[in-house]
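Respectively, the protein sequence lines represent chains A and B.
Once you know that position 49 of the first sequence is 53 in our numbering, the rest is easy, because the numbers rise by one and skip nothing.
Once you know that position 57 of the second sequence is 117 in our numbering, the rest is easy, because the numbers rise by one and skip nothing.
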Amino acid sequence: MKATIIVTLKPTVLDPQGITIQRSVQSMGLPEVTSIRQGKYFDVQLTDSIPLERRQELVQKLAKDVLTNPVIEEFRIDWEQKS
Amino acid sequence: MKFGVVIFPGSNCDHDCYYAIQSVVGRPAEFIWHQETSVKGFDAIVLPGGFAYGDYLRTGALAKFSPVMQAVKSFAEMGGLVIGICNGFQILTEAGLLPGALMRNSNMKYICKFLEIRTETTDTPFTNCLKQGQVLNIPIGHGEGNYFADADTLKKLEDNRQVAFRYVENPNGSIHDIAGIVNKNRNVLGMMPHPDRSSEQLLGSTDGKIIFESMVNALAGRAL
Chain A
5 MKATIIVTLK
15 PTVLDPQGIT
25 IQRSVQSMGL
35 PEVTSIRQGK
45 YFDVQLTDSI
55 PLERRQELVQ
65 KLAKDVLTNP
75 VIEEFRIDWE
85 QKS
Chain B
61 MKFGVVIFPG
71 SNCDHDCYYA
81 IQSVVGRPAE
91 FIWHQETSVK
101 GFDAIVLPGG
111 FAYGDYLRTG
121 ALAKFSPVMQ
131 AVKSFAEMGG
141 LVIGICNGFQ
151 ILTEAGLLPG
161 ALMRNSNMKY
171 ICKFLEIRTE
181 TTDTPFTNCL
191 KQGQVLNIPI
201 GHGEGNYFAD
211 ADTLKKLEDN
221 RQVAFRYVEN
231 PNGSIHDIAG
241 IVNKNRNVLG
251 MMPHPDRSSE
261 QLLGSTDGKI
271 IFESMVNALA
281 GRAL
């Protein structure tokens, strides 16, 4: 079982890295790109036997307590769809 | 009176702090390896600058899980003096011992230079030998020193006079020009500038020494 956690800066927090990238992209001739926000991406592998409720609780806790700094960042979780 | 200087994997100002306290200020200091689970016997704890855990994940984010940090937390809760310098400040915010966060400098550059900070309060164990408004000549060396806190937190910091130092000229985009803050109980200080690198004339300034001397002064007062 795999979860993907995407961490981004809160919309209200200035992202100097994103701004710098966006400016560079403009100077390479892509003026249509009006904003870039940089974030982080974590692939998290879990044991398959874990119950659904526990699984969600665990990944929430991991994202909230470790992978993000709640002062400046927020996160979302994408669950891998088993085909 | 004994100072403990914590060493995390990646700390690189541990010896600077040790030297400033032991040899310049003339008070006993000992290193504490981050795997220690107790800080018993120490009167003040220093979290030095550097790049704990290589700044992986976020600056200071992994250091908060080092076993010693539980002991430092309890020590701080009981009123023990804790000073975090540079990376130490980042660790203190990540560990929840100080509010706010330190973000990438607004100009995206690592800045290493001497600058001036203004003393905003003398009512702390770290600034009691300074004068209100006293300007210190002190170096910074960081890429992530851009202090940020939400409006509510900032209001509380200002209302409780928890801002210890402000930059005279803001180098990194810090909100309210903040260079250092104390916690509500005033026994934990975090600051980006380096008193350890400005404690003797050979290094260009002795202003930083007054911060360590203030701690000595505060601890001496407690012992009475």
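Beta carbons are placed, not taken as given, at the ideal position from N, Cα and C, and that holds for glycine.
Keep in mind the model is a prediction, meaning the values are calculated, not measured.
Taking 8 Å as the cut-off, the beta carbon of residue 92/B is found no closer than this to the beta carbon of residue 142/B. If you look at residue 202/B, you'll find it isn't in any alpha helix (DSSP H); it sits in the beta strand (DSSP E) that goes 195–202. Between the segment 188–195 of chain B and the segment 266–279 of chain B, the count of C-beta pairs closer than 8 Å reaches three or more; the two stretches touch. Between residue 81/A and residue 236/B, the alpha-carbon positions lie close to 34 Å from each other. For residue 21/A, the nearest CB of chain B lies under 8 Å from its own CB, placing it at the interface with that chain. Taking 8 Å as the CB threshold, residue 80/B stays off the interface with chain A. Between residue 77/A and residue 14/A a beta carbon distance of about 7 Å is seen, short of the 8 Å cut, so the two are scored as contacting. Judged by pairs of C-beta atoms under 8 Å, the segment 94–102 of chain B does not touch the segment 166–182 of chain B, as fewer than three such pairs exist. At least one beta carbon of chain A lies nearer than 8 Å to the beta carbon of residue 163/B. The beta-carbon of residue 208/B is placed less than 8 Å from the nearest beta-carbon of chain A. Put simply, the segment 255–265 of chain B touches the segment 72–80 of chain B. At least three CB pairs are less than 8 Å apart. In the three-state reduction of the DSSP assignment, residue 68/B falls in the coil class. When secondary structure is reduced to three states using DSSP, residue 138/B falls in the coil class, being assigned neither helix nor strand. Counting only Cβ-Cβ distances below 7 Å, residue 155/B has no contacts in chain A at all, with the closest Cβ about 11 Å away.
Membership of residue 25/A in the alpha helix (DSSP H) is indicated by the continuous run 20–31.
By alpha-carbon distance to residue 108/B, the top candidate from 61/B, 125/B, 144/B and 229/B is 144/B. Bridge partners of residue 207/B according to DSSP: 162/B.
Counting C-beta pairs with one atom in each stretch, the segment 40–55 of chain A and the segment 14–23 of chain A have three or more that are closer than 8 Å, which means they touch.
Secondary structure note for residue 79/B: its alpha helix (DSSP H) is the uninterrupted segment 74–79. Residue-level contact check: residue 239/B does not touch chain A, since none of the beta carbons of chain A fall below 8 Å from its beta carbon. At a cut-off of 8 Å between beta carbons, residue 166/B contacts chain A.
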